[in-house]
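J.: The numbering of the sequence shown is my numbering, which starts it at 23 and goes up by one.
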Amino acid sequence: MRDLPPFSAPVVELVQTGPDQADLIRNLYQFYAYESSDWEQEDVEADGRFYLHEEHLVRYWQEPDWSANLLLVDGFIAGFLLVEASELPGMDALELADLFILKKYRRQGLGRALVTQVLTSGERDWLVRFYQDDATALAFWQAVLQDLPRAVQQIELADEPLLLNYRVVQATH
23 MRDLPPFSAP VVELVQTGPD QADLIRNLYQ FYAYESSDWE QEDVEADGRF YLHEEHLVRY
83 WQEPDWSANL LLVDGFIAGF LLVEASELPG MDALELADLF ILKKYRRQGL GRALVTQVLT
143 SGERDWLVRF YQDDATALAF WQAVLQDLPR AVQQIELADE PLLLNYRVVQ ATH
């Protein structure tokens, strides 16, 4: 029997970006939009890119409680996580707005570990919303939310009828 090299777990980091990295997030967002283009029925623009609302994008570096974060694995870009302050009436929560992981890094538990850490840290409630027609997101979020060590409430919101909405409640002391 031959000796196997020692296993070393990958180094996973979530790094908040600055406005100087907007182009990087913009580029990665194209992959994210491509992956949902089938069930969202989106077409590319005349320049060959998916539409990205620029006024919304810049808010990640201008608004309090908004952030665009890179997911790095062993120093390599593996995806992004976009966080927003919920703008829903009466909803004092942070929203995990968009999560994207490059295919190379999927099915390794990175997404689950990342969102579990994010949703269980801090002093705020979290809002998680995803399209019921996105089978991949549906399976992922149902598995994550079911195992989350926090109270999770499904909530009905009338603003987007195709979205499933969950509030992750901050643990009480």
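A virtual CB, placed ideally from N, CA and C, is assigned to each residue, including glycine.
These numbers were taken from a predicted model, which means no experiment stands behind them.
Identify every run of the beta strand (DSSP E) within the segment 116 to 152, keeping only runs that are complete inside it and at least 3 residues long; order them along the chain.
T.: Listed in chain order, there is nothing to give.
J.: I'd like the span of the beta strand (DSSP E) that includes V37, first residue to last.
T.: As a working mapping, residue 37 is identified with position 15 in the sequence shown. Per DSSP, V37 belongs to the beta strand (DSSP E) from 34 to 38.
J.: What whole-angstrom Cβ distance do S108 and L116 have, given they're in contact under 8 Å?
T.: For the purposes of this step, residue 108 is identified with residue 86 of the sequence shown, where counting begins at 1. For the purposes of this step, residue 116 is identified with residue 94 of the sequence shown, where counting begins at 1. Confirmed, Cβ separation roughly 7 Å.
J.: Identify whether Y82 lies in helix, strand or coil by the three-state DSSP scheme.
T.: In the sequence shown, residue 82 corresponds to position 60, counting from 1. Note: Y82 maps to helix in three-state DSSP.
J.: Using a Cβ-Cβ cut-off of 7 Å (strictly less than) and excluding sequence neighbours within five positions of G131, which residues of its own chain qualify?
T.: In the sequence shown, the residue the question calls residue 131 occupies position 109. Same-chain partners within the cutoff: there are none.
J.: Would you mind sorting A159 into buried or exposed? The rule is 16 or more other CB atoms within 10 Å of its CB.
T.: On the sequence shown, residue 159 is found 137 positions in, with the first residue counted as 1. That one is buried.
J.: Work out the CA separation of L110 and A135 for me, nearest whole Å.
T.: Working through the sequence shown from its first residue, we reach residue 135 at position 113. Working through the sequence shown from its first residue, we reach residue 110 at position 88. Their Cα atoms are separated by approximately 27 Å.
J.: Specify the secondary structure class of V191 as computed by DSSP and reduced to three states.
T.: Here residue 191 corresponds to residue number 169 of the sequence shown, with the count starting at 1. Note: V191 maps to coil in three-state DSSP.
J.: Give the DSSP-derived three-state secondary structure of E106 in the structure shown.
T.: Start at 1 with the first residue of the sequence shown, and residue 106 comes out as number 84. If DSSP states are grouped into helix, strand and coil, E106 belongs with the strands.
J.: Distance, Cα to Cα, G70 vs Y51?
T.: What you label residue 70 is simply residue 48 of the sequence shown in a count that begins at 1. What you label residue 51 is simply residue 29 of the sequence shown in a count that begins at 1. Using only the alpha carbons, I get a separation of about 14 Å.
J.: What are the start and end residues of the beta strand (DSSP E) that includes L13?
T.: Here the chain comprises residues numbered 23 to 195, so residue 13 is not present and cannot be evaluated.
J.: Compute the distance between the beta-carbons of I124 and A90, then report whether it is under 8 Å.
T.: The residue given as residue 124 occupies position 102 in the sequence shown. The residue given as residue 90 occupies position 68 in the sequence shown. Sequence check: residue 124 is Leu here, not Ile. Taking 8 Å as the Cβ cut-off, L124 and A90 do not qualify as a contacting pair.
J.: Are the beta-carbon atoms belonging to Q176 and D147 less than 8 Å from one another?
T.: Locating residue 176 in the sequence shown gives position 154, where the first residue counts as 1. Locating residue 147 in the sequence shown gives position 125, where the first residue counts as 1. For Q176 and D147, no; Cβs fall outside 8 Å.
J.: What do you get for D42, buried or exposed, if any count of 16 or more other CB atoms within 10 angstroms of its CB means buried?
T.: As a first step, residue 42 must be located in the sequence shown, where it is residue number 20. Exposed is the call here.
J.: Under a Cβ-count criterion, where at least 16 other Cβ atoms within 10 Å of its own Cβ denotes burial, should E106 be classed as buried or exposed?
T.: As a position in the sequence shown, residue 106 is number 84, starting the count at 1. Answer is buried; the Cβ neighbour count reaches 16.
J.: Can you tell me whether DSSP reads F162 as helix, strand or coil?
T.: Locating residue 162 in the sequence shown gives position 140, where the first residue counts as 1. Correct three-state label for F162: helix.
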